Amino acid sequence: MSRNPNKQRFPAPHAPSYYAQSANTAPERPAARGEIRAQACVIGAGFSGLSTALALAERGYQVIVLEASHVGWGASGRNGGQLVNGYSRDLDVVEQRYGTEAARALGAMAFEGADIIRERVARYDIDCHLRAGGVFAALNARQMADLKTRKTSWEAHGHDDLELLDDTTIREHAATDLYVGGLLDRRGGHVHPMNLALGEAAALESLGGVIHEQSPVVRLEHGPPARVHTDAATITADTVVVCGNAYLGNAVPDLRDRVMPVATQVMATEPLGADVANRLMPAGSCVEDCNYMLDYYRMSGDHRLLFGGGTVYGGTTPADIEAKLRPHLKRTFPELAEARIDYAWSGNFALTLTRIPHLGQLADNVYFSHGYSGHGVTTTHLAGVLLAEAIDGDASRFNAFAGLKNHAFPGGRLLRVPLSVLGSWYYQTKEKLGM
Ligand SMILES: Cc1cc2nc3c(=O)[nH]c(=O)nc-3n(C[C@H](O)[C@H](O)[C@H](O)COP(=O)(O)OP(=O)(O)OC[C@H]3O[C@@H](n4cnc5c(N)ncnc54)[C@H](O)[C@@H]3O)c2cc1C
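For the sequence shown, numbering that gives the first Met the number 0 gives the first residue as 0, with consecutive numbering after it.
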């Protein structure tokens with residue numbers, strides 16, 4: 000049996016993740032009721048919504064966040080926790096598709112998301128086990144060549160603190176025979192994502208922002224002023240920002256076909272102990288490999304290996320996550336072949352056809368951001384700041400994204416999944432054949 004989270008009924012309890020189990024305590028946040036007035040209303044309390052709301056509150060806006068379930072319930076509270084700089088497509092692809100000016104603008108912002116996270120963790124004293132260092136690991140010479148190109152391209156856009164690793168030095172980050180080398184990004188890193196989301200929620204509230212949990216938005220009228228409806232409340236707002244990403248469903252129909260939900264899974268081993276953790280990943284960084292269907296992993300604060308991978312187009316949860324991921328874990332660290340798995344869970348991210356985040360407006364007063372295409376921990380944080388800048392009167396950086404052409408998925412709701420599976424099969428086959 001498999002379960003389709005797109006048919007999820009809100010509100011729902013957290014996924015059975017290691018993060019939900021180890022979350023810091025959080026207050027009850029009552030559902031919205033009755034008629035409410037707000038300067039800005041944000042839909043969704045994941046990183047996109049929280050980052051936007053916090054950036055607006057820091058600028059003095061009075062903000063209300065409506066969350067269908069709980070803070071961090073979506074991808075933000077259950078992801079791999081990796082602060083990956085850049086976008087899901089390299090900057091040379093951005094340049095080929097959209098031109099030099101677009102590449103220059105996106106390139107300048109490519110490392111900002113992780114800086115925003117570090118700055119907020121420090122400013123609001125957020126307890127979320129933030130660690131430095133992210134590695135892209137190459138499984139073959141072609142992937143290594145691509146990493147060299149990425150390093151050159153990032154450096155050309157002013158981002159350094161990068162180091163190429165060979166088949167010996169990469170073992171400081173992952174003691175496995177799998178890799179021919181890699182690229183270390185010292186400005187990348189990793190974090191307990193649920194605790195980051197909870198810390199950002201508390202930071203927002205410390206500035207006067209209000210979060211209503213268990214408040215699924217069912218309808219949006221643009222106005223102006225906009226009116227945001229839940230079953231129990233109507234929020235009248237000067238500005239609305241839609242941040243439901245892969246879980247938005249049909250609540251805002253104009254956005255439905257712009258992204259496709261894709262499921263990916265993570266599992267957490269039993270605590271391995273400090274000695275094993277330090278032997279397998281001595282530098283304490285996080286790792287993602289360069290495959291089209293990538294593996295990503297890191298050690299948690301209590302020395303569990305958090306190992307993620309796989310993608311399911313359409314957002315269906317595999318029946319047996321452990322059976323799916325264990326062969327990948329075994330291939331990476333054979334000594335963990337029999338390790339006990341304490342938690343295994345699935346979550347949905349949103350894919351755009353271009354693999355570039357999609358920011359834009361549905362009306363002068365209605366904004367949205369979604370579609371980080373698997374690399375969203377940092378880009379959601381950037382997006383929130385760009386949205387706040389635009390709402391506050393300076394749309395220049397927001398427009399660098401909003402001006403990029405975005406296409407709906409071909410095939411509509413029925414065919415977009417099979418067409419994407421076909422596309423991914425093509426890329427995986429190329430990879431297997433070394434093409
Ligand atoms: C398993 C997994 C692993 C991942 N690993 C990484 C990683 O290591 N590094 C990385 O960079 N990225 C990773 N990602 C991607 C990253 O987590 C996402 O891109 C990012 O968290 C998206 O944040 P978001 O706020 O836009 O969406 P979400 O976090 O999904 O938040 C959307 C929120 O909106 C709410 N919502 C939806 N509809 C409504 C409605 N109608 N009314 C009110 N609220 C609504 C939902 O309940 C949800 O809380 C991963 C994703 C998954 C699923």
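The beta-carbon is built from N, C-alpha and C at its ideal position, and this holds for glycine as well. Quick caveat: nothing in here was measured; it's all calculated off a predicted structure.
Practice problem: For P260, name the three-state secondary structure that DSSP assigns. | Solution: Translated into the one-based positions of the sequence shown, residue 260 becomes position 261. In this structure, P260 counts as strand in the three-state DSSP scheme.
Quiz item: With burial defined as no fewer than 16 other Cβ atoms inside 10 Å of the residue's Cβ, what is the status of T151: buried or exposed?
Solution: Taking the first residue of the sequence shown as 1, we reach residue 151 at position 152. Exposed, by the Cβ-count rule.
Exercise. May I have the straight-line CA-CA distance separating N84 from E269, to the nearest angstrom?
Key: As a position in the sequence shown, residue 84 is number 85, starting the count at 1. As a position in the sequence shown, residue 269 is number 270, starting the count at 1. Rounded to whole angstroms, N84 to E269 spans 29 Å at the Cα level.
Practice problem: Locate the alpha helix (DSSP H) running through T378, then write down its first and last residues. | Solution: As a position in the sequence shown, residue 378 is number 379, starting the count at 1. T378 -> alpha helix (DSSP H) spans 376 to 390.
Quiz prompt | 6 Å Cβ shell around R2 - same chain, five flanking residues per side excluded | solution = As a working mapping, residue 2 is identified with position 3 in the sequence shown. Bear in mind that the predicted position of R2 carries a pLDDT of just 41, short of 50, making it unreliable; the figure below should be weighed with that in mind. Only T316 meet the Cβ criterion.
Self-check item: Span separating the alpha-carbon of L161 from that of L304
Solution: Numbered from its first residue, the sequence shown carries residue 161 at position 162. Numbered from its first residue, the sequence shown carries residue 304 at position 305. Cα to Cα, L161 sits roughly 25 Å from L304.
Quiz item: What first and last residue would you give for the beta strand (DSSP E) that runs through L65?
Solution: The residue given as residue 65 occupies position 66 in the sequence shown. Per DSSP, L65 belongs to the beta strand (DSSP E) from 62 to 65.
Practice problem: Could you tell me the boundaries of the beta strand (DSSP E) in which M193 lies? | Solution: Taking the sequence shown and counting its residues from 1, the one referred to as residue 193 is at position 194. Not the beta strand (DSSP E): M193 falls in the alpha helix (DSSP H), residues 192 to 205.
Quiz prompt | Residue from D91, M193, A109, R186 whose Cα sits closest to the Cα of A44 | solution = If you number the sequence shown from 1, residue 44 lands on position 45. The option with the nearest alpha carbon to A44 is M193.
Exercise. Give me the Cα-Cα distance between V92 and A407, rounded to the nearest whole angstrom.
Key: To locate residue 92, count along the sequence shown from 1; it is residue 93. To locate residue 407, count along the sequence shown from 1; it is residue 408. Their Cα atoms are separated by approximately 19 Å.
Self-check item: Beta-ladder partner(s) of F367, from DSSP
Solution: Translated into the one-based positions of the sequence shown, residue 367 becomes position 368. BP columns for F367 point to V241, G359.
Practice problem: Return the bridge partner residues of A159 from the DSSP annotation. | Solution: The residue labelled residue 159 in the question sits at position 160 within the sequence shown. With the sequence shown as reference, residue 159 is identified as Asp, and Ala is not the correct amino acid for it. Bridge partners of D159: none, in fact.
Self-check item: C-alpha gap between W153 and L183, whole angstroms
Solution: Residue numbering aside, residue 153 sits at position 154 when the sequence shown is read from its first letter. Residue numbering aside, residue 183 sits at position 184 when the sequence shown is read from its first letter. Those two C-alpha atoms are separated by around 12 Å.
Quiz item: Do you know how far the Cα of F397 is from the Cα of G307?
Solution: Residue numbering aside, residue 307 sits at position 308 when the sequence shown is read from its first letter. Residue numbering aside, residue 397 sits at position 398 when the sequence shown is read from its first letter. So the alpha carbons of these two residues sit roughly 31 Å apart.
Quiz item: Exposed or buried, what is D341 when buried is set at 16 or more other beta-carbons lying within 10 Å of its beta-carbon?
Solution: Numbered from 1 along the sequence shown, position 342 holds the residue referred to as residue 341. Exposed, since its Cβ has fewer than 16 Cβ neighbours within 10 Å.
Practice problem: Answer yes or no: does any C-beta atom of chain B fall closer than 8 Å to that of F400? | Solution: Absence of chain B from the displayed structure is noted, only one protein chain being present.
Practice problem: Please find out if some non-hydrogen atom of ligand 1 comes closer than 7 Å to the beta-carbon of H374. | Solution: Working through the sequence shown from its first residue, we reach residue 374 at position 375. Under cutoff, so the answer is yes.
Quiz item: Once you ignore the five residues that flank T238 on each side, which residues in its own chain have a CB closer than 6 Å to its CB?
Solution: Along the sequence shown, read from residue 1 onward, the residue named residue 238 stands at position 239. Contacts found: A39, N364, I390.
Quiz prompt | Nearest neighbour of R297, chosen from G248, M280, Y123 [CA to CA] | solution = One-based indexing of the sequence shown puts residue 297 at position 298. Checking every option, the nearest Cα to that of R297 belongs to M280.
Quiz item: From R32 to S16, what does the alpha carbon distance come to, in whole angstroms?
Solution: Working through the sequence shown from its first residue, we reach residue 32 at position 33. Working through the sequence shown from its first residue, we reach residue 16 at position 17. Looking at the two C-alpha atoms, the distance is approximately 30 Å.
Quiz item: When the Cα atoms are used, what is the spatial distance from A336 to L271?
Solution: Residue numbering aside, residue 336 sits at position 337 when the sequence shown is read from its first letter. Residue numbering aside, residue 271 sits at position 272 when the sequence shown is read from its first letter. Approximately 13 Å, taken between the alpha carbons.
Quiz item: Quick one: is P12 buried, meaning 16 or more other Cβ sit within 10 Å of its Cβ, or exposed?
Solution: Here residue 12 is taken as the residue at index 13 of the sequence shown, counted from 1. With fewer than 16 other Cβ atoms within 10 Å, it is exposed.
Self-check item: Pair within 8 Å by beta-carbon distance, H380 and I116
Solution: For the purposes of this step, residue 380 is identified with residue 381 of the sequence shown, where counting begins at 1. For the purposes of this step, residue 116 is identified with residue 117 of the sequence shown, where counting begins at 1. Cβ distance < 8 Å, so H380 and I116 count as in contact.
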